[in-house]
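K.L.:
Supplied in structure tokens, the structure appears directly below.
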Amino acid sequence: MGAGRNEQDIRGSISAERRNNTANGGNSFETGENFERRSSSGYGRFLEAAKEVSAREYTEIMNNFVNKNPNAGMVDLHEASQWEKSGARMFAGKEDGISFGAAVKPDGDIVGVFSEGGGKGGLALIRAVSEGGNKLDAYAVNPDGSPSGLARIYHKVGFEPVARVSFNADYVSPDWSYGERDIVFYIHNGENAEQVAENYGKYAPPTKEQYDALPIMGYDEALKYRDGILKKRSNSAK
């Protein structure tokens, strides 16, 4: 979600972006031999995998994703006009008949991440980082309090958790069936996309102790806190 929206604005539809990520089940991001083969064949192939598309094209791709994905009830769709208004750049690809994609807002917020499976979502995330994506938030804590598979994937591409928002049933759709999953706010570690491709899976994995220690905040507070960390990091680099 982008900055500037308060908690009342998001009631009943807390985050299409996080739901898209959750709909991936945390297991559709590229891993193993497929990823290693791509990495060893050259960084350029990562960029070739997901091409920039128009808002209309991205909307059509997302609609097809919803029609095919059994978890589509969690996904809030955007009209093309909403994508255009957001100022986001959208990237999508298709390999082996499997679609994947992500969008990056002007402030670096990665949103609308999706994958039909087959280990393709990692391509979308690396492309998003290459286009300036440096933050995101997602339902990344299991009902038992442990980091989810999605959290493990974010760590594999260099994202680090900084804040946590307790699950609130008032902010999800009536057909939500994934239990009480907290929202986690992430920032990227600052490495460029080529470094991420090289170091994929080498970053420290998430632990329950790490996630238990995250400060718990309201959504708006966590958003400002996360963005504040990025601002300080940017200022210190000048």
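Residue numbers for the sequence shown follow the numbering used here, beginning at 13 and rising by one. Every residue, glycine too, gets a C-beta built ideally from N, C-alpha and C. Note that the structure is a prediction, hence the values are computed from the model and not measured.
(1) Quick one, are the C-beta atoms of GLY113 and GLY120 less than 9 Å apart?
(2) Counting only runs of 4+ residues fully inside the region 160-222, write out the alpha helix (DSSP H) ranges in chain order.
(3) Using DSSP's beta-bridge definition, name the partner residues of PHE126.
(4) Look up LYS63 in the DSSP assignment and say whether it is helix, strand or coil.
(5) Please determine, among ALA150, VAL141, ALA140, ALA104, the residue with the shortest C-alpha to C-alpha distance to GLU128.
(6) So for ALA249, helix, strand or coil by DSSP?
(7) Are GLY99 and ASN146 close, meaning C-beta to C-beta below 9 Å?
(8) Starting from the C-beta of GLN222, find all residues in its chain whose C-beta is less than 8 Å away, skip the five residues before and the five after it, and write them out in chain order.
(9) So MET229 and VAL177 are supposed to be a Cβ contact under 8 Å. How far apart are they, rounded?
(10) If distances are taken between C-alpha atoms only, which option among ALA136, SER189, PHE179 comes closest to GLY157?
P.N.:
On the basis of the data shown:
(1) Sequence index remark: in the sequence shown, residue 113 carries index 101 (1-based). Sequence index remark: in the sequence shown, residue 120 carries index 108 (1-based). Contact: no.
(2) 161-168, 205-211
(3) Counting from one through the sequence shown, the residue named residue 126 turns up at place 114. According to DSSP, PHE126 bridges with GLY113.
(4) Here the question's residue 63 lines up with position 51 in the sequence shown. Strand at LYS63.
(5) Walking along the sequence shown from the start, residue 128 turns up at place 116. It is ALA104.
(6) Residue 249 sits at position 237 when you count from the first residue of the sequence shown. DSSP places ALA249 in helix when its eight states are reduced to three.
(7) By one-based count along the sequence shown, residue 99 stands at place 87. By one-based count along the sequence shown, residue 146 stands at place 134. No. Outside cutoff.
(8) For this step, residue 222 is matched to residue 210 along the sequence shown. These residues qualify, in order along the chain: PRO159, PRO173.
(9) Position 217 of the sequence shown holds residue 229. Position 165 of the sequence shown holds residue 177. Contact holds; Cβ gap of about 6 Å.
(10) To locate residue 157, count along the sequence shown from 1; it is residue 145. Distance check between GLY157 and each of ALA136, SER189, PHE179 places PHE179 closest, using alpha-carbon atoms only.
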